[in-house]
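Novice:
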Amino acid sequence: MGTYGMGSDDDRAVNALRHGLDRGMLLIDTAEMYGSGHSEEVVSRAVEGRRDSVFVASKVSPSHFAYDDVLRSAQKSLKRLRLKQMDLYQLHWPNPSIPISETMRAMEKLANDGLTRYVGVSNFSIAQMQEAQKALSKNRIVSNQVEYSLLERSIEKDLLLYCQKEGVTVIAYSPLGQGKMPKGRGAAFDILDKVAEKLGKSRNQVALNWLLHQESVVVIPKAVRKEHLAENAESCGWRLDNSDYELVGNAFPRVF
Ligand code: NAP
Numbered sequence: 039m040g041t042y043g044m045g046s047d048d049d050r051a052v053n054a055l056r057h058g059l060d061r062g063m064l065l066i067d068t069a070e071m072y073g074s075g076h077s078e079e080v081v082s083r084a085v086e087g088r089r090d091s092v093f094v095a096s097k098v099s100p101s102h103f104a105y106d107d108v109l110r111s112a113q114k115s116l117k118r119l120r121l122k123q124m125d126l127y128q129l130h131w132p133n134p135s136i137p138i139s140e141t142m143r144a145m146e147k148l149a150n151d152g153l154t155r156y157v158g159v160s161n162f163s164i165a166q167m168q169e170a171q172k173a174l175s176k177n178r179i180v181s182n183q184v185e186y187s188l189l190e191r192s193i194e195k196d197l198l199l200y201c202q203k204e205g206v207t208v209i210a211y212s213p214l215g216q217g218k219m220p221k222g223r224g225a226a227f228d229i230l231d232k233v234a235e236k237l238g239k240s241r242n243q244v245a246l247n248w249l250l251h252q253e254s255v256v257v258i259p260k261a262v263r264k265e266h267l268a269e270n271a272e273s274c275g276w277r278l279d280n281s282d283y284e285l286v287g288n289a290f291p292r293v294f
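Counting in my numbering, the sequence shown runs from 39 upward without gaps.
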């Protein structure tokens, strides 16, 4: 589950995340940048009492990529999350003005000290991933969080294949096109709706399932409405016929 823009009603956001956890969506993505840290406090309330079954991912902002700043940001995130360890700590966006070797030295220290379990990046190109990986001595970059949906397929040009080949998980953000997917009209959406109808699923479920069907891809849809969470939680555990995956994929343009 994503948490960006969960809104100003904390109780509603906490309840939404708990509703999602109850339905098996066990990865929560947040960032120090979201609500200037407040999103992490909301997440801490949602995971209270069930920490062990939840995979908590947060991100450090590019302005904090200097060695000491990374360590400080992680400590602050842990405090807001009220956790001893984050499962995944991601570099939110590349920052070319700070040497990646310096940032990665700090990321490695956090992992070695047990404050983070896995090192990840977000919005990194292939070249930036390679450089970042080279700067790590022991740890592996396990994930790259990038925009990916039927409406935004740029990563299929080369990044997706690269991640699949290297065993790096693609965490697809805005998998419902920031809410554009549910509202879309036109020929491609008609095809999607037909495929969904055949299976007794919804358009959004097929759109998320189509992403999950791609090797090494996980999705982090954000939702505060309970009916949306319930719908999204039922997007996996079943599959389309191969011909329908193809039909849906071909319906939406891949503009590179
Ligand atoms: P999204 O998940 O594609 O779309 C969220 C919107 O779709 C919300 O308005 C939500 O409504 C609506 N929605 C969700 N499920 C729905 C359903 N079943 N039916 C109808 N509408 C539905 O977009 P996103 O929030 O941009 O992306 C998800 C997460 O990715 C973020 O929260 C954040 O954690 C992460 N992200 C990361 C980056 C990055 O740079 N790393 C950038 C953007 C996003 P309600 O909330 O009203 O239920």
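Where a beta carbon is used, it is the ideal one built from N, C-alpha and C, also for glycine.
Measuring CB atoms only, is the segment 128-144 touching the segment 95-107, in the sense that at least three cross pairs come out at less than 8 angstroms?
Specialist: Yes, since at least three Cβ pairs between the segment 128-144 and the segment 95-107 fall closer than 8 angstroms, the two stretches touch.
Novice: Pull up the distance between the alpha-carbon of residue 280 and that of residue 103, whole angstroms please.
Specialist: Position 242 of the sequence shown holds residue 280. Position 65 of the sequence shown holds residue 103. Going by the C-alpha atoms only, they are around 43 angstroms apart.
Novice: Suppose the cutoff is 6 angstroms on Cβ atoms and the five residues either side in sequence are ignored; what does the same chain contact list for residue 210 look like?
Specialist: Along the sequence shown, read from residue 1 onward, the residue named residue 210 stands at position 172. Excluding sequence neighbours, residue 210 sits near 186, 249, 255, 257.
Novice: What do you get for residue 195, buried or exposed, if any count of 16 or more other CB atoms within 10 angstroms of its CB means buried?
Specialist: The sequence position of residue 195 within the sequence shown is 157, counting from 1. Exposed is the call here.
Novice: Per DSSP, residue 190 forms a beta bridge with which residues?
Specialist: To locate residue 190, count along the sequence shown from 1; it is residue 152. For residue 190, which the question treats as bridged, DSSP gives the partners 187.
Novice: How far does the alpha helix (DSSP H) with residue 225 in it reach, from first residue to last?
Specialist: As a first step, residue 225 is located in the sequence shown; it is residue number 187 there, counting from the start. Residues 225-237.
Novice: Leaving out the 5 sequence neighbours to the left and right, which residues in its chain are closer than 6 angstroms to residue 85 when beta-carbon positions are compared?
Specialist: Here residue 85 corresponds to residue number 47 of the sequence shown, with the count starting at 1. Closer than 6 angstroms at the Cβ level, and outside the excluded window around residue 85, lie 92.
Novice: Can you say whether residue 150 is buried or exposed, counting buried as having 16 or more other CB atoms within 10 angstroms of its CB?
Specialist: The residue labelled residue 150 in the question sits at position 112 within the sequence shown. Its Cβ having fewer than 16 others within 10 Å, residue 150 is exposed.
Novice: Determine the DSSP secondary structure at residue 66, reduced to helix, strand or coil.
Specialist: Numbered from 1 along the sequence shown, position 28 holds the residue referred to as residue 66. Of the three classes helix, strand and coil, the one that applies to residue 66 here is strand, per DSSP.
Novice: Can we count residue 262 as close to the ligand NAP, meaning its CB is less than 7 angstroms from some heavy atom?
Specialist: Here residue 262 corresponds to residue number 224 of the sequence shown, with the count starting at 1. Yes; taking the cut-off as 7 angstroms, the Cβ of residue 262 has a heavy atom of the ligand NAP nearer than that.
Novice: Once the 5 residues before and after residue 269 are set aside, which same chain residues still bring their CB inside 7 angstroms of it?
Specialist: Translated into the one-based positions of the sequence shown, residue 269 becomes position 231. Result list for residue 269: 240, 242, 243, in chain order.
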